[in-house]
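Under the working numbering, the sequence shown has 323 at position 41, and the numbering climbs by one with no breaks. Cβ atoms here follow ideal geometry from the backbone N, Cα and C, with glycine treated the same way. A quick write-up on the structure given underneath.
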Amino acid sequence: MGISAYEDDLLAAIYDEDNPDGPDHDYFRALADELSAATITDLGCGTGILTVTLSGAGRRIIGIDPVAAMLSRAAARPGGTGVEWRLGMSELIDRDANDLIIMSGNVAMHILGNEWTTSLVDITRGLRPGGRLVFESRNPQARGWTAWNAPAEVRQTAVGRLRESATASQPDGNGIVTMVCSNDFIDAGHAVETTLRLQFRSHETLTRDLEAAGLQMDRVWSDWQRTPFTGTAAEQLMVIEAVKPAT
Ligand SMILES: C[S@@+](CC[C@H](N)C(=O)[O-])C[C@H]1O[C@@H](n2cnc3c(N)ncnc32)[C@H](O)[C@@H]1O
């Protein structure tokens with residue numbers, strides 16, 4: 283099995299050009315403003331492309347990620363000094379401190395099995411009463427993994443030509459899809475195979491998991507423009523806002 287895509291320095295170097303700022307980040311920023319969130323943790327912050335843009339007057343921003351190749355880019359980016367960066371996972375979330383905890387870029391799907399349960403407990407502890415967790419997750423009914431097989435293609439990147447291909451499994455009994463990618467940086471003379479494991483969870487499963495951790499599912503959207511999620515297979519995305527009860 284290959285390493286995770288995030289652990290490779292060259293893949294980390296092209297992460298931002300493959301995953302630029304867009305409507306998802308606009309949504310997270312708008313929500314933070316609407317909540318007047320004073321303390322925000324971005325869990326699985328990656329290269330910090332969203333994290334640094336959450337900064338504002340009187341706001342405290344914390345970015346947490348377990349992968350050094352990603353977090354070192356985050357700390358070095360313009361605006362990076364305005365964020366507290368932490369190498370690790372949910373155990374590093376400050377307790378009873380956060381108005382908002384964000385997991386952007388499908389981070390929730392990267393957190394598998396028991397680690398998901400533990401992370402939700404840490405998140406609940408980390409929120410102030412009335413605080414909010416927000417994240418997106420792919421709707422398993424839309425069977426998005428069927429479009430993830432990709433034949434070999436060469437494209438230009440900031441670090442030269444990249445030949446890449448991908449194969450994706452069917453979900454296992456726990457909804458986990460394994461995606462194996464071959465990445466050959468032709469000009470850099472660097473080839474690496476990466477493995478991503480992503481867990482698809484239904485709306486019902488997410489509702490149950492959140493409740494078990496002490497959070498209440500609140501609003502669920504099917505896109506970044508806040509169209510309500512109705513639970514049909516045509517909806518690829520669930521954007522989930524969960525609240526820690528005030529009492
Ligand atoms: C697709 S990237 C998203 C990065 C960033 N949130 C964004 O929107 O650009 C997924 C990130 O999740 C992180 N990650 C993987 N497992 C994690 C875990 N158990 N807890 C927190 N973050 C995790 C990875 O290191 C990676 O940086």
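Within 8 Å, strictly: CB atoms of residue i and residue j
i, j, result
"residue 321", "residue 379", "yes"
"residue 499", "residue 489", "yes"
"residue 369", "residue 350", "yes"
"residue 441", "residue 467", "yes"
"residue 393", "residue 401", "yes"
"residue 287", "residue 329", "no"
"residue 474", "residue 300", "no"
Closer than 7 Å: residue i CB and nearest ligand 1 heavy atom
i, result
"residue 419", "no"
"residue 309", "no"
"residue 332", "yes"
"residue 463", "no"
"residue 388", "yes"
"residue 415", "no"
"residue 520", "no"
"residue 397", "yes"
"residue 326", "yes"
"residue 380", "no"
"residue 301", "yes"
Which listed residue (the options) has its alpha carbon closest to that of residue i
i, options, result
"residue 517", "454, 367, 506 and 392", "506"
"residue 324", "492, 292, 287 and 390", "390"
"residue 411", "299, 458, 381 and 392", "381"
"residue 361", "319, 383, 345 and 407", "345"
The alpha helix (DSSP H) enclosing residue i, as first and last residue numbers
i, result
"residue 486", "485–494"
Residue range of the unbroken beta strand (DSSP E) whose run includes residue i
i, result
"residue 474", "472–481"
"residue 449", "442–450"
Residues bridged to residue i [DSSP beta-bridge criterion]
i, result
"residue 391", "None; residue 391 has no bridge partner."
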